[in-house]
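Using my numbering, you'd call the opening residue of the sequence shown number 302 and step up by one each time.
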Amino acid sequence: MSRAGHTRITRHALRKTLEAVTAQAFRVGTGNVAADVEDDAGKLGVSLSVKLSLPPLTGPRKTTGTVFQQAQAARTQLASRSQELTGLEIGRVDIRLTGTKEQPRTKQQSTKQSMDRVGERRVL
């Protein structure tokens, strides 16, 4: 049985969906992403601000691409995943990388750093 009616997705719901998809693409928390939407010639135009995590400057790098390559991959992922979730065609996607914060250290990194400091004191 089919019922007549309308289904509407609010602007707030769209923004939250886009923020969640973007956070997943950049591997940051949703609190580090802000999204805004607008009409883009009949498609959904998206403007994003992303606060990235800064990897430790010492030690091996875990990412292989530049932030620009990461942004391009995220843009592609955002367009396909958002259309899949909302059914809306995504137009222009502007991404602004607004800043960085240091990634939290793992327990293993903190322990190693403490041990290195102890070793330095003994040498002196």
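Where is the CB? At the ideal position from N, CA and C, for every residue including glycine.
GLU390 in three-state terms, based on DSSP: Coil.
Span separating the alpha-carbon of LEU386 from that of ALA324: Approximately 15 Å, taken between the alpha carbons.
Bridge partner(s) assigned by DSSP for ARG397: DSSP output for ARG397 lists SER350 as bridge partner(s).
Residue range of the alpha helix (DSSP H) that includes LEU322: Before going on, a small fix: residue 322 reads as Val here, not Leu. 312-327 is the extent of the alpha helix (DSSP H) around VAL322.
Pick from LEU398, THR399, LEU389 and ARG397 that is closest to ASP341, judged by C-alpha positions: Nearest option by C-alpha distance: LEU389.
Through-space distance from GLY346 to ALA429, alpha-carbon basis: Any property of residue 429 remains undetermined from this structure, which presents the chain solely from 302 to 425.
Own chain partners of GLU320 with C-beta closer than 6 Å, once the 5 adjacent residues on each side are dropped: Once the five neighbours on either side are set aside, the close Cβ partners of GLU320 are THR331, VAL334 and ALA336.
Simplified DSSP state of ALA335, which is helix, strand or coil: In this structure, ALA335 counts as strand in the three-state DSSP scheme.
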